[in-house]
Structure formats: C-alpha cells, structure tokens
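Q:
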Amino acid sequence: MGFADRPAPQRLGLVEMAMLADLTLGGALRQEVGRTRPLPTLSLTLDLAAPHDADSASVTAEARETAVGDGVATAAGSLRGPRAVFGHCAATFAVPSRGRQDELPWDDPDGAHRPGSSVPLDPGSLSDADQSLLRSVPAAEDTGLSWGDHLVTEATVTGPGGLVLTPTAAMTNRAGAVQGGVLFALAAHCGAPRDDSFPPRLVSGTMRFLAGTGAAAPVRAEPLVEQVTRRSVFTQVRLLQDEGVRAVAGLVYRR
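Note that my numbering has the sequence shown beginning at 560, numbered continuously upward.
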C-alpha cells in the first residue's frame, strides 16, 4: 500500500498474508479474464513450510500458475520473505458470466501502486472502511501483534464452544462483506491448540467459502479437533452467522 506519509513498519500476521495471497492470486487471474471481472473466492490455501519473520520488512506473494475453465479459475503461487520462500498459496475463484467491478489500482501493471511507490491519499476519497483501516494501523504498534491480527483480536470474545467475532468496517471488502483474510485468521486462531509449554504453529490451512459473510451480525467460530499426534494437531473450524455455515476451514498445526 502506498501512503503519502508512511506508517511505521508493522508486524506481519495471518490476516495480512491471507489477504495478500487472495489479492495476488485473484489479480493474476484478472490479467487473463479482465481487470474489471469480479472473482468471488471459493477456497484459499496457505502452506507455511517455515515460520515467517514477523518483523521482516515485507512479504511478497507471487502467482506462478493460473488456469481458467468453465466458470471456475485457479491460481497458485509462493510466499517469499526477504531471504527465502517460506510457503505457498493457492486459491479457486468463481468466474461469473456477467457483472463488473471497479478496477483495483494494484492490478494495473503500469499504475502507480507498485512496490516501493507512494501516492498521496485524498482523505475525501476514503470510505468509512478505509478510514477505519488506517486508524487501526497505529493502534496495533504497542500490542506486539500485526495490525490485522490486532484488529481481529480486539473484536473477538470467547463464547460457548468457540470464539465470536463482531465485524467492524475495517474488516470489510468493497462489497461490504467480511474480507476472506480476516475469516481465515479467525479460524486459525480458534483452531489453535492451547498449549503454553509447546506453542503450536499453523503449517497448513484451507478455507472453503460457502456463502458471503456480512458485517452486520456476529460471526461464530466453532472448532473440532479431528486428530492429535505427538507433533501434529488436525482441526476443523466452522464459521457461522445467523445460524448458517458461511465457511469451513481445515487446519494443521505443528507443536
């Protein structure tokens, strides 16, 4: 993101990585199907072979392979830190036969939103969600969390059988739904085993988006531990809203 006055460097968490992967893979496909084509995400996978450096200057998502079929498109790529690849990402998108959306600035290969670029922001052009997002960045500086993980943590409480997230404007996309990266991080946080003596690390997660998750009602996360071995924990997490299942995540942790 380009800012006229850049915020202080932030830690990088699951929200940021999931959002970056989703935007990168979708952007690569829009270069093929049209940069104004809406591409609803059907599934998103992150495989993290090694812990990422949370305090590193940047994480780069690179789309390596894309395929477009009859109403469906897929893309896969890598997640790279300053020194090496530490994981891979993949996603499946629906390709509607009609409809259009505003072109995303960072999808334009000739635009100003390139790595390292900075463009002035006109405050009058920012939506409520944009302004809420910018306010959340400095608020996370003293928490030890990334801005996205701080955003989710602040809006999450423990409820019966899991976690309950109350969405805020900063968590929404342009369609007004909760962004998929936020839902991915909520599921990963909910499914993580509670073991202070041997903290678990997410190594693989796949989320299937069954229906849009609105921002007007709480989102409930319910975990189900499927298998526990000496070093690995396999968990499924369901995300529900208004008693309907909105997304399901399969997660693998190493201890």
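Just so you know, even glycine gets a beta-carbon here, dropped at the ideal spot from N, CA and C.
With respect to 8 Å, is the separation between the Cβ of THR619 and the closest non-hydrogen atom of the ligand SAM below this value?
A: The ligand SAM is not part of the structure shown, which contains no ligands of any sort.
Q: So what does GLY646 bridge to, in DSSP terms?
A: The partner list for GLY646 (beta bridge, DSSP) reads LEU607, LEU638.
Q: Are the CB atoms of LEU584 and GLY764 nearer to each other than 9 Å?
A: Result no, Cβ atoms of LEU584 and GLY764 do not sit closer than 9 Å.
Q: Inspect the beta-carbon positions of VAL592 and VAL644 and report whether they are closer than 9 Å.
A: Not a contact, by the Cβ cut-off of 9 Å.
Q: Can you give me the Cβ contacts of ARG797 inside the same chain, cut-off strictly under 7 Å, excluding the 5 residues immediately before and after it?
A: The residues are GLU781, VAL804, VAL807.
Q: Please name the residue in THR712, ALA635, ARG789, VAL618 whose C-alpha comes closest to that of ALA587.
A: If we check each option's Cα against that of ALA587, ALA635 comes out closest.
Q: Helix, strand or coil, according to DSSP, for ALA653 in the structure here?
A: Here ALA653 sits in strand by DSSP.
Q: GLU624 to GLU785, Cα distance in whole Å?
A: Distance between the alpha carbons of GLU624 and GLU785: 32 Å.
Q: Just list the residues that DSSP pairs PRO782 with in beta bridges.
A: The partner list for PRO782 (beta bridge, DSSP) reads VAL796.
Q: Cβ of PRO752 within 9 Å of Cβ of TYR812?
A: Contact: yes.
Q: Can you check which of these residues, ALA577, GLY771, ALA650, is closest to VAL618 by C-alpha distance?
A: Taking only the C-alpha atoms, the option nearest VAL618 is ALA577.
Q: Going by the beta-carbon positions, is the gap between ARG814 and ARG779 smaller than 9 Å?
A: No, they are not a contact pair.
Q: CA-CA distance, VAL711 and LEU598?
A: Roughly 25 Å between the two C-alpha positions.
Q: Using a Cβ-Cβ cutoff of less than 8 Å, which residues in the same chain neighbour LEU769 once the five nearest sequence positions on both sides are dropped?
A: Hits under 8 Å: VAL804, ARG805, ALA806, VAL807.
Q: Sorted by chain position, which residues of the same chain lie with C-beta nearer than 7 Å to VAL792's C-beta, five sequence neighbours on each side aside?
A: So the list reads PRO752, PRO759, VAL784, TYR812, ARG814, once near-sequence residues are dropped.
Q: Taking 6 Å as the limit between beta carbons, can you name the residues of its chain near THR575, skipping five residues before and five after?
A: Reading the sequence as shown, one finds Glu at residue 575 and not Thr. Closer than 6 Å at Cβ, skipping near neighbours: SER705, GLY707.
Q: According to the Cβ coordinates, are ASP666 and GLN738 closer than 9 Å?
A: No, Cβ-Cβ distance for ASP666 and GLN738 is not below 9 Å.
Q: Can you tell me whether THR788 is buried or exposed? The criterion is at least 16 other CB atoms within 10 Å of its CB, across all chains shown.
A: Classification for THR788: exposed.
Q: Is the beta carbon of ALA734 sitting closer than 9 Å to the one on MET766?
A: Cβ atoms of ALA734 and MET766: not closer than 9 Å.
Q: For LEU601 and ASP701, I'd like the C-alpha separation in whole angstroms.
A: Distance between the alpha carbons of LEU601 and ASP701 is about 35 Å.
Q: Within the same chain, show all residues whose beta-carbon is closer than 6 Å to that of LEU607, passing over the 5 residues directly before and after it, in chain order.
A: Cβ within range, chain order: GLY646, VAL762.
Q: Just verifying my parser: in three-state terms, what is the DSSP assignment at PRO566?
A: Only weak support exists for where PRO566 lies, its pLDDT of 49 falling under 50; the coordinates are left without a value.
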